[in-house]
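J.: Going by the numbering used here, the first residue of the sequence shown is number 155, and it counts up by one from there.
The beta-carbon is built from N, C-alpha and C at its ideal position, and this holds for glycine as well.
Have a look at this one.
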Amino acid sequence: MEKAIFNPPKSLSKREFTYCPGCHHGIVHRLIAEVIDELGIREKTVIIAPVGCSVFAYEFFELDGTVAPHGRALAVATGMKRARPDLVVFTYQGDGDLAAIGTAETIHAANRGEKLTTIFINNAVYGMTGGQMAPTTLIGQKTTTTPYGRNHEKDGYPIHISEILSTMNGVAYLERVTVDTPQNVRSAKKAIKKAFLAQIKGLGFGLVEVLSACPTNWGMNPVEAMTWLREHMAKEFPPKLFVDKVGDG
């Protein structure tokens, strides 16, 4: 008699991912779905997906959810959570959305200690709209709007959102992770689970920053993109646990 030893999470839809080859969105989606299943919160969890590649997230989760205007995911999530504190509300946002047009929403939601969870995908570029420079684009990195590489004198420096948020008392859980190896995938899942627990336990704001490859807009194949992430992105944005008020969970 055959016995199933591995099944897809119930919180993940059966729809085939439409993300580019080598993109890490699919890995992160599965981790989120696994965490939601394990915590037994699927029936009361709501996803807020704003503009960018993250807008497709609502297609791939078997959850209630809504789409927010560009940069406003945490504003929408705040209203929803305050109106329905019994819900588990999380946002799924890219670096252009969360760290550019949504900078104010991000900082103030964290500072207020809103009981929300945010999954922040940092791929150092605007993925959906054509590969323009993002707030997290590295110095020297070429994009469609910095064809000769990002110049700090004209374009400023990469913004380190997690470091900024780590100074705020309202943050209950904050970690930067990668999903480039099986070990790091397991660590990322633990971080995502703790970010949800920070909300469930009423401790405050939780955010997990995930370094992600974007081979299409980086102009690389998936293997080259993974190498570039490790050798360049992870040096600029080193994986780190910043805040943990959850403890052992």
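In or out: Tyr280 buried (at least 16 other Cβ within 10 Å) or exposed?
T.: Here residue 280 refers to the residue found at position 126 of the sequence shown. Classification for Tyr280: buried.
J.: So, with DSSP's three-state summary, where would you put Leu228?
T.: Locating residue 228 in the sequence shown gives position 74, where the first residue counts as 1. Helix at Leu228.
J.: Just the C-alpha distance for Gly358 and Lys347, rounded to the nearest angstrom, thanks.
T.: The residue you call residue 358 lines up with position 204 of the sequence shown. The residue you call residue 347 lines up with position 193 of the sequence shown. Computed Cα separation, rounded: 14 Å.
J.: Would you list, in sequence order, the uninterrupted beta strand (DSSP E) runs of no fewer than 3 residues that lie entirely inside the region 273 to 349?
T.: Runs found: 325 to 332.
J.: Count the other CB atoms within 10 Å of the CB of Thr199; is the residue buried (16 or more) or exposed (fewer)?
T.: For the purposes of this step, residue 199 is taken as the residue at position 45 of the sequence shown. Buried.
J.: Put Tyr409 into one of helix, strand or coil per three-state DSSP.
T.: As displayed, the chain neither begins before 155 nor continues past 403, which places residue 409 out of reach and without an answer.
J.: Which of the three DSSP states is assigned to Leu270 in this structure?
T.: The count along the sequence shown starts at 1 and reaches residue 270 at position 116. Coil.
J.: Which of the three DSSP states is assigned to Gly219 in this structure?
T.: Counting from one through the sequence shown, the residue named residue 219 turns up at place 65. Three-state result, Gly219: strand.
J.: Is Asp251 closer than 8 Å to Gly406 when the C-beta atoms are compared?
T.: Only positions 155 to 403 of the chain appear in this structure, which leaves residue 406 out of reach.
J.: Excluding sequence positions up to five away, which residues of its chain have a Cβ less than 6 Å from the Cβ of Ala345?
T.: In the sequence shown, counting from the first residue as 1, residue 345 sits at position 191. Counting only Cβ-Cβ distances below 6 Å, and skipping sequence neighbours, we find Glu329, Val331 and Val362.
J.: Where does Asn323 land, buried or exposed, given buried means 16+ other C-beta within 10 angstroms?
T.: Taking the sequence shown and counting its residues from 1, one reaches residue 323 at position 169. Exposed, by the Cβ-count rule.
J.: How about Ala405 and Gly248: do their beta carbons lie closer than 8 Å?
T.: Any property of residue 405 remains undetermined from this structure, which presents the chain solely from 155 to 403.
J.: Looking only at its chain, what residues have a beta carbon closer than 7 Å to the beta carbon of Thr298, apart from the 5 residues adjacent to it on each side?
T.: As a working mapping, residue 298 is identified with position 144 in the sequence shown. Gly284, Gly285 and Gln286.
J.: Just reading off the alpha helix (DSSP H) that Ile201 is part of, what are its end residues?
T.: Position 47 of the sequence shown holds residue 201. No alpha helix (DSSP H) holds Ile201; the beta strand (DSSP E) holding it covers Thr199 to Ala203.
J.: Can you give me the Cβ contacts of Leu241 inside the same chain, cut-off strictly under 8 Å, excluding the 5 residues immediately before and after it?
T.: Locating residue 241 in the sequence shown gives position 87, counting from the first residue. Cβ neighbours of Leu241 beyond the five flanking positions: Lys198, Thr199, Val200, Met234 and Lys235.
J.: Gly180 lies in the alpha helix (DSSP H); which residues open and close that run?
T.: Residue mapping note: residue 180 aligns to position 26 of the sequence shown, counting from 1. Counting along the chain, the alpha helix (DSSP H) containing Gly180 begins and ends at His179 to Leu193.
J.: Would you kindly check if the distance between the Cβ of Leu292 and the Cβ of Met387 is under 8 Å?
T.: Position 233 of the sequence shown, counting from 1, holds the residue named residue 387. Position 138 of the sequence shown, counting from 1, holds the residue named residue 292. Yes, Cβ-Cβ distance for Met387 and Leu292 is below 8 Å.
J.: Would you say Ile275 and Val364 are within 8 Å of each other, going by their C-beta atoms?
T.: Taking the first residue of the sequence shown as position 1, residue 275 is located at position 121. Taking the first residue of the sequence shown as position 1, residue 364 is located at position 210. Cβ atoms of Ile275 and Val364: closer than 8 Å.
J.: I need the straight-line Cα distance from Asn338 to Gly267, nearest angstrom please.
T.: Residue 338 sits at position 184 when you count from the first residue of the sequence shown. Residue 267 sits at position 113 when you count from the first residue of the sequence shown. Cα-Cα distance, rounded: 28 Å.
J.: Please tell me whether Pro289 and Ala253 are closer than 8 Å, where the distance is taken between their beta carbons.
T.: Counting from one through the sequence shown, the residue named residue 289 turns up at place 135. Counting from one through the sequence shown, the residue named residue 253 turns up at place 99. Closer than 8 Å, so yes.
J.: Quick one: is Arg304 buried, meaning 16 or more other Cβ sit within 10 Å of its Cβ, or exposed?
T.: What you label residue 304 is simply residue 150 of the sequence shown in a count that begins at 1. Counting Cβ neighbours within 10 Å, Arg304 comes out buried, since at least 16 surround it.
J.: Under 8 Å Cβ to Cβ from Asn375, same chain only, skipping five residues before and after it: list those, please.
T.: In the sequence shown, counting from the first residue as 1, residue 375 sits at position 221. Counting only Cβ-Cβ distances below 8 Å, and skipping sequence neighbours, we find Gly176 and Pro369.
J.: Count the other CB atoms within 10 Å of the CB of Ala258; is the residue buried (16 or more) or exposed (fewer)?
T.: Counting from one through the sequence shown, the residue named residue 258 turns up at place 104. Flag for Ala258 reads exposed.
J.: Measuring CB to CB, does His183 end up less than 8 Å from Phe160?
T.: Stepping through the sequence shown from its first residue, residue 183 is reached at position 29. Stepping through the sequence shown from its first residue, residue 160 is reached at position 6. No, the Cβ-Cβ distance between His183 and Phe160 is not below 8 Å.
J.: How many Å lie between Trp372 and Tyr173 at the Cα?
T.: Walking along the sequence shown from the start, residue 372 turns up at place 218. Walking along the sequence shown from the start, residue 173 turns up at place 19. Going from the Cα of Trp372 to the Cα of Tyr173 covers about 15 Å.
J.: Return the chain-ordered list of same chain residues with a C-beta closer than 7 Å to the C-beta of Asn265, the five sequence neighbours on each side being excluded.
T.: Residue numbering aside, residue 265 sits at position 111 when the sequence shown is read from its first letter. The answer, listed in chain order, is Met322 and Gly324.
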